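Student: Residue numbers (our numbering), protein chains in the order written: chain L, 1 to 339; chain P, 1001 to 1188.
From the three backbone atoms N, C-alpha and C, an ideal C-beta is built for every residue, glycine too.
Note that the structure is a prediction, hence the values are computed from the model and not measured.
1. Across the region 1137-1147 of chain P and the region 1053-1061 of chain P, are there enough close Cβ pairs to call them in contact, namely three or more that are closer than 8 Å?
2. Roughly how many angstroms separate the alpha carbons of residue 1092 of chain P and residue 61 of chain L, rounded to a whole number?
3. So, under 8 Å CB-CB, residue 204 of chain L and residue 321 of chain L are touching, yes? Tell me the CB distance rounded to an integer number of Å.
4. Are any of the Cβ atoms in chain L nearer than 8 Å to that of residue 1041 of chain P?
5. Rounded C-beta distance between residue 1072 of chain P and residue 1104 of chain P? I'm assuming under 8 Å.
6. What three-state label does DSSP hand residue 1186 of chain P in the structure shown?
7. Consider the Cβ of residue 1036 of chain P: report whether some Cβ of chain L lies at a distance smaller than 8 Å.
8. Using the beta-carbon of each residue, which ones in chain P are nearer than 8 Å to residue 39 of chain L?
9. Tell me the DSSP bridge mates of residue 1115 of chain P?
10. Pick out whichever of P/1162, P/1036, P/1031 has its Cα sitting closest to the Cα of residue 32 of chain L.
11. Could you check whether the Cβ of residue 304 of chain L sits closer than 8 Å to any Cβ belonging to chain P?
12. Roughly how many whole angstroms lie between the Cα atoms of residue 323 of chain L and residue 154 of chain L?
13. Would DSSP call residue 170 of chain L helix, strand or coil?
14. What separation, rounded to the nearest whole angstrom, lies between the Cα atoms of residue 307 of chain L and residue 169 of chain L?
15. Taking just the CA atoms, how far does residue 280 of chain L sit from residue 101 of chain L?
16. Using a cut-off of 7 Å between C-beta atoms, extract the partners of residue 1026 of chain P located in chain L.
17. DSSP state of residue 92 of chain L, grouped into three classes?
18. What residues of chain P sit near residue 299 of chain L, judged by a beta carbon separation below 8 Å?
19. Between which residues of its own chain and residue 1188 of chain P is the CB-CB distance below 6 Å, once the five residues before and five after are set aside?
20. Compute the Euclidean distance between the alpha carbons of residue 384 of chain L and residue 211 of chain L, then round it to the nearest angstrom.
21. For residue 1107 of chain P, which beta-bridge partners are listed by DSSP?
22. Whose C-alpha, out of L/328, L/140, L/63, is nearest the C-alpha of residue 415 of chain L?
23. Using the C-alpha atoms, what's the distance from residue 1159 of chain P back to residue 1110 of chain P?
24. Do residue 171 of chain L and residue 333 of chain L have their C-beta atoms closer together than 8 Å?
25. Quick one: using the 10 Å Cβ neighbour count with 16 as the cut-off for buried, is residue 979 of chain P buried or exposed?
26. Mind checking whether residue 122 of chain L and residue 163 of chain L have CB atoms under 8 Å apart?
27. How would you label residue 8 of chain L, buried or exposed, when you count the other beta carbons within 10 angstroms and need 16 or more for buried?
28. Tell me, which residues are paired with residue 1089 of chain P by DSSP?
29. Give me the Cβ distance between residue 234 of chain L and residue 73 of chain L, rounded to the nearest whole Å; I'm assuming they're in contact under 8 Å.
30. Any beta-carbon of chain C closer than 8 Å to the one on residue 207 of chain L?
31. Evaluate the contact criterion for the region 70-89 of chain L versus the region 251-264 of chain L: three or more CB pairs, one atom per stretch, below 8 Å.
32. Taking C-alpha atoms, which residue in L/302, L/299, L/264, L/30 lies nearest to residue 286 of chain L?
33. Thinking C-alpha only, which one of L/318, L/248, L/110 is nearest residue 292 of chain L?
34. Can a CB atom of chain P be found closer than 8 Å to the CB of residue 35 of chain L?
35. Grouping DSSP H, G and I as helix and E and B as strand, with all else coil, what is residue 1174 of chain P?
36. Once DSSP output is grouped into helix, strand and coil, what is the label at residue 1135 of chain P?
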């Protein structure tokens, strides 16, 4: 009973934290963009613009709910709901921190310790494209459809290279449980050191999977007028925009977990902290890593121009996929030679 | 034949390996963008901070009173003639006995209007004025919801005795020299 209550509380907290971080990621993005462009960014709503996400949310809620009369009603609503749902689902398997012990009982900071953790993450993340595809299709608008088609082809092209880069990581780790992967990275044993090429491929593919610059072809304001969400308004549009930031948060969490030691940090075991304090510190370190990656995503967004569609396809199929295969082969050879 | 020395020969050379993989160029670009994070911001946070104006800024006009508080303007119409945007209109009237405290000379402007939407703030009215009655100041014309609100009459243009507008900054040495010359011609 206690177990169920604890898990429910944990799920609620993770949900709220994901939403909160996504909310403030929008502000961070605008602030960061402003500072990179020698401006201040939004600073009128509240101190340093801290109430800006609230103002944006209120605005989106009060916007007119518009639905094109040629749209498929059911799919039109399903699109953004699915995107949001899928974006939130991934966070279930991420180990947020070491277990906390209260009165001898262990409380794991992970909702579900799946033994197929990475596969679950992949299964859910690749479902993310359905929301975009369904939304673009249901809008019955050529720009939306173009955006949806681009999103799905981009997703398929980059998932292969992503899967292969993960495959070589799994070969090194010998486990697909996220907890095992995190625990194997204590001290300086971060996977990024053993798999630098794999990390690079994974990171580029993560940018593509979350539809961030320079791979934001599904949205593509200049060519497609917003792409798949052209016909959306009010909170449905909000769901689409919001899920992009949740995706970014979850992707950053997964990158930190897989390649940057998750909640581990060098010298943390040398500080002599009690397990519970160490767990809190680990949690904070994990979040610092996540926010660092979110800022890296934004930094890239405000530096690089968007790829052309053929360049995107060439990069995916002709460069990343062979490179991932090569990485896989070399990893295999090295493992075979050292055993 | 080359007309200028600015033409460049287009290079179609193949990319080298480091250029092919793009990553060095990407890191260079990211270094450039992050360097802007620490630069001085160009934004002027307007309601709290005002952008500094030049001392001789040409903004909202003022109709000056003389040292005894009488209107200097005699409605000669030279400013309206000089105005390239035709923003100034006026109606002249004769001074009645008993109004000597209000108007300096026998003729005065009963109506004096400047359309601030037409005005280009060139300052020719100020140059043309033989009585040193109109000046441009470093105040700005505030925004308004109606077009009519931008037609400024004497109620908004004439300075009040308790709130004199300082225009001495506009009268630079060369301006004073110029005005002195006019003074002899018109204002004896």
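Tutor: On the basis of the supplied data:
1. Contact between the region 1137-1147 of chain P and the region 1053-1061 of chain P is present, because at least three Cβ pairs lie under 8 Å.
2. For the purposes of this step, residue 1092 of chain P is taken as the residue at position 92 of the second chain. For the purposes of this step, residue 61 of chain L is taken as the residue at position 61 of the first chain. One C-alpha to the other measures close to 59 Å.
3. Taking the first chain and counting its residues from 1, the one referred to as residue 204 of chain L is at position 204. Taking the first chain and counting its residues from 1, the one referred to as residue 321 of chain L is at position 321. Incorrect: roughly 12 Å between the Cβ atoms, too far for contact.
4. Numbered from its first residue, the second chain carries residue 1041 of chain P at position 41. Look at residue 1041 of chain P: its C-beta is under 8 Å from a C-beta on chain L.
5. Here residue 1072 of chain P is taken as the residue at index 72 of the second chain, counted from 1. Here residue 1104 of chain P is taken as the residue at index 104 of the second chain, counted from 1. So it is a contact: roughly 6 Å between Cβ atoms.
6. The sequence position of residue 1186 of chain P within the second chain is 186, counting from 1. Note that residue 1186 of chain P scores a pLDDT of 47, beneath 50, so its modelled location is shaky; the value from the coordinates is reported in the next line. Helix.
7. As a working mapping, residue 1036 of chain P is identified with position 36 in the second chain. Answer yes: the Cβ-Cβ gap between residue 1036 of chain P and chain L drops below 8 Å somewhere.
8. By 1-based counting over the first chain, the position of residue 39 of chain L is 39. Near residue 39 of chain L (Cβ distances below 8 Å), the residues of chain P are 1041, 1042, 1043.
9. Taking the second chain and counting its residues from 1, one reaches residue 1115 of chain P at position 115. BP columns for residue 1115 of chain P point to P/1151.
10. The residue you call residue 32 of chain L lines up with position 32 of the first chain. The option with the nearest alpha carbon to residue 32 of chain L is P/1036.
11. By one-based count along the first chain, residue 304 of chain L stands at place 304. With 8 Å as the cut-off, residue 304 of chain L counts as an interface residue toward chain P.
12. Taking the first residue of the first chain as 1, we reach residue 323 of chain L at position 323. Taking the first residue of the first chain as 1, we reach residue 154 of chain L at position 154. Approximately 18 Å between the Cα atoms of the pair.
13. On the first chain, residue 170 of chain L is found 170 positions in, with the first residue counted as 1. It is helical.
14. The count along the first chain starts at 1 and reaches residue 307 of chain L at position 307. The count along the first chain starts at 1 and reaches residue 169 of chain L at position 169. About 28 Å.
15. Residue 101 of chain L sits at position 101 when you count from the first residue of the first chain. Residue 280 of chain L sits at position 280 when you count from the first residue of the first chain. Straight-line Cα distance between these residues: approximately 11 Å.
16. Stepping through the second chain from its first residue, residue 1026 of chain P is reached at position 26. Within chain L, the C-beta atoms nearer than 7 Å to that of residue 1026 of chain P come from 304, in chain order.
17. As a first step, residue 92 of chain L must be located in the first chain, where it is residue number 92. In this structure, residue 92 of chain L counts as helix in the three-state DSSP scheme.
18. Reading the first chain from its first residue, position 299 is the one you call residue 299 of chain L. Chain P residues near residue 299 of chain L: 1030, 1033, 1034.
19. Sequence index remark: in the second chain, residue 1188 of chain P carries index 188 (1-based). Residue placement at residue 1188 of chain P is poorly supported in this model, since its pLDDT is 40, which falls under 50; the coordinates still yield a value, given next. Excluding positions up to five away in sequence, the list is empty.
20. Residue coverage of chain L in this structure runs from 1 to 339, which leaves residue 384 of chain L outside it and unanswerable.
21. For the purposes of this step, residue 1107 of chain P is identified with residue 107 of the second chain, where counting begins at 1. Residue 1107 of chain P is bridged to P/1094.
22. Residue 415 of chain L falls outside the range modelled here, since chain L spans only 1 to 339, and no answer is possible.
23. As a working note, residue 1110 of chain P is residue 110 in the second chain. As a working note, residue 1159 of chain P is residue 159 in the second chain. Taking the straight line joining both Cα atoms gives about 15 Å.
24. On the first chain, position 171 is the one that residue 171 of chain L refers to. On the first chain, position 333 is the one that residue 333 of chain L refers to. Contact: no.
25. Nothing in the structure corresponds to residue 979 of chain P, since chain P is present only between 1001 and 1188.
26. Here the question's residue 122 of chain L lines up with position 122 in the first chain. Here the question's residue 163 of chain L lines up with position 163 in the first chain. Cβ atoms of residue 122 of chain L and residue 163 of chain L: closer than 8 Å.
27. Along the first chain, one-based indexing puts residue 8 of chain L at 8. Label assigned to residue 8 of chain L: exposed.
28. One-based indexing of the second chain puts residue 1089 of chain P at position 89. Answer is P/1113, bridged to residue 1089 of chain P.
29. Position 234 of the first chain, counted from the first residue, corresponds to residue 234 of chain L. Position 73 of the first chain, counted from the first residue, corresponds to residue 73 of chain L. Going by Cβ atoms, the distance from residue 234 of chain L to residue 73 of chain L rounds to 15 Å, so no, they are not a contact pair.
30. The structure shown contains no chain C; the protein chains it does contain are L and P.
31. No, the region 70-89 of chain L is not in contact with the region 251-264 of chain L.
32. For the purposes of this step, residue 286 of chain L is identified with residue 286 of the first chain, where counting begins at 1. Residue 286 of chain L has its Cα closest to that of L/264, out of L/302, L/299, L/264, L/30.
33. Sequence index remark: in the first chain, residue 292 of chain L carries index 292 (1-based). The option with the nearest alpha carbon to residue 292 of chain L is L/248.
34. Counting from one through the first chain, the residue named residue 35 of chain L turns up at place 35. Interface residue, yes.
35. As a first step, residue 1174 of chain P is located in the second chain; it is residue number 174 there, counting from the start. Correct three-state label for residue 1174 of chain P: helix.
36. Residue 1135 of chain P sits at position 135 when you count from the first residue of the second chain. In the structure shown, residue 1135 of chain P falls within a strand segment according to DSSP collapsed to helix, strand and coil.
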